[in-house]
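Scroll down for the structure; my scribbles are underneath it.
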Amino acid sequence: MNLEHYIYFSNNDFQDYEFYSEGPKGKIKKVVRFTKIPGQEPPAYNLGFGDTSEDTSVIDDSVVTNNEDRDMVLATVANTIIDFTDHYGNYYIYAAGSTPSRTRLYQMGIAGLWEEIGLYFEVYGLKEDNWHQFQRNVNYDAFLVKRK
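Here it is, written out as C-alpha cells:
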C-alpha cells in the first residue's frame with residue numbers, strides 16, 4: 088500500500104507483528120496478532136490489535152492511546168495483513184473492536200482511507216447478522232477483510 092505507515096517487525100511465524108506509535112503521548116508499543124479461528128470454513132483468522140508493554144506479550148485492546156496517528160496506525164495494520172497473507176494465503180481476516188465505539192473508530196478509519204484500502208482489499212461489514220460489502224456511513228458490528 089502507498090499509505091505512510093510505521094516500520095513493523097514480525098516474529099518467525101508471521102502471526103505477531105510489533106510497531107511503535109509515535110505522537111504527543113510518546114512512543115507506544117503496538118501489537119497485531121493473527122489467530123486462526125477454529126472450525127471456520129473457509130479458513131479465517133482473527134486480527135487482535137492493541138497496546139502492549141515491553142515486559143509482556145499481552146495485548147490490551149481496551150486502552151485509548153489517542154496518540155493522534157490513527158490513520159498511520161491503521162495503514163500499518165493494513166500492511167501487516169498484506170504481509171500475513173503473503174505467508175499464509177489469502178484468507179479472510181476478521182476484525183472487531185473491543186467495544187462498539189472502538190469498532191466505530193475502526194470503521195471511520197477504513198472510510199477515511201477507503202480510496203487506498205479499496206484498491207487492495209475486499210471489505211465486508213457485519214450488520215444485523217449478515218455480511219455486506221463495506222459502505223461509508225453504515226454502522227457495522229465487525230469486519231471481514233480479504234486481499235483482492
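The numbering of the sequence shown is this note's numbering, which starts it at 88 and goes up by one.
Beta carbons are placed, not taken as given, at the ideal position from N, Cα and C, and that holds for glycine.
The structure presented is a predicted model; accordingly, all values stated were derived computationally and were not measured.
Quick one: Cα of N145 to Cα of T167, how far? Here residue 145 is taken as the residue at index 58 of the sequence shown, counted from 1. Here residue 167 is taken as the residue at index 80 of the sequence shown, counted from 1. The displayed chain sequence assigns Val, not Asn, to residue 145. Each residue's Cα considered, the two are about 18 Å apart.
CB-CB under 8 Å to I197, same chain, minus the five flanking residues each way: which ones, in chain order? The residue given as residue 197 occupies position 110 in the sequence shown. Shown here for I197: same chain residues with a beta carbon closer than 8 Å to its own, the five before and five after excluded, namely L161, I204, V210, F221, F230 in chain order.
Please report the straight-line C-alpha distance between R120 and A182, rounded to a whole angstrom. Locating residue 120 in the sequence shown gives position 33, counting from the first residue. Locating residue 182 in the sequence shown gives position 95, counting from the first residue. Near 11 Å, if we compare the C-alpha coordinates of A182 and R120.
Go through its chain and collect everything with a Cβ distance to E155's Cβ below 7 Å, but skip five positions before and after it. For this step, residue 155 is matched to residue 68 along the sequence shown. Around E155: G110, P111.
With DSSP run on the structure shown, which of helix, strand or coil describes H92? Your numbering for residue 92 matches position 5 in the sequence shown. In the three-state reduction of the DSSP assignment, H92 falls in the coil class, being assigned neither a helical nor a strand state.
Which of helix, strand or coil does DSSP assign to F208? Here residue 208 refers to the residue found at position 121 when the sequence shown is read from its first residue. Three-state result, F208: strand.
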